[in-house]
Amino acid sequence: MATIHVDGKEYEVNGADNLLEACLSLGLDIPYFCWHPALGSVGACRQCAVKQYQNAEDT
8 MATIHVDGKE YEVNGADNLL EACLSLGLDI PYFCWHPALG SVGACRQCAV
58 KQYQNAEDT
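Residues in the sequence shown are numbered from 8 upward in steps of one, following the numbering used here.
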C-alpha cells in the first residue's frame, strides 16, 4: 500500500499501480488522452502531468 495526497486529501492506494491508475481506481477525475492499461507509459500528451512534492514545506 502507498499513501498519496490529492487536493489536500489523503488516500491509501495499491503501491504497484502508477499514479494515474491509482487516481482512477479512487474515482478521481483526472484528464488523460494517451494512456491505456494495455500499453506502456507514453506520456506524450501531458494531460495527466502532476506536481510532486517531497513534503509540506516543499510546496
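A virtual CB, placed ideally from N, CA and C, is assigned to each residue, including glycine.
Among the residues of its own chain, which have a CB less than 8 angstroms from the CB of residue i, if the five just before and after it don't count?
{"i": "Val57", "result": "Leu26"}
{"i": "Tyr18", "result": "Thr10, Ile11, His12, Ala29 and Leu33"}
I need the straight-line Cα distance from residue i to residue j, nearest angstrom please.
{"i": "Gly22", "j": "Pro38", "result": "21 angstroms"}
{"i": "Glu54", "j": "Ala63", "result": "Note on identity: in this sequence residue 54 is Gln, with Glu being the wrong assignment. Approximately 24 angstroms, taken between the alpha carbons."}
{"i": "Ala9", "j": "His43", "result": "22 angstroms"}
Can you list, in chain order, the residues of its chain with a C-beta nearer than 7 angstroms to that of residue i? Leave out the 5 residues immediately preceding and following it.
{"i": "Phe1", "result": "Here the chain comprises residues numbered 8 to 66, so residue 1 is not present and cannot be evaluated."}
So, at 6 angstroms on beta carbons, what are the nonlocal neighbours of residue i in its own chain, with the 5 sequence-adjacent residues on each side left out?
{"i": "Gly15", "result": "none"}
Looking only at C-alpha atoms, which of the options sits nearest to residue i?
{"i": "Ala45", "options": "Glu28, Val13, His12 and Gln59", "result": "Glu28"}
{"i": "Asp36", "options": "Gly47, Asp24, Gly50 and Val13", "result": "Val13"}
Rounded to the nearest angstrom, how far is the Cβ of residue i from that of residue j, given a contact under 8 angstroms?
{"i": "Val20", "j": "Leu31", "result": "Actually they do not touch by this definition, with Cβ atoms about 10 angstroms apart."}
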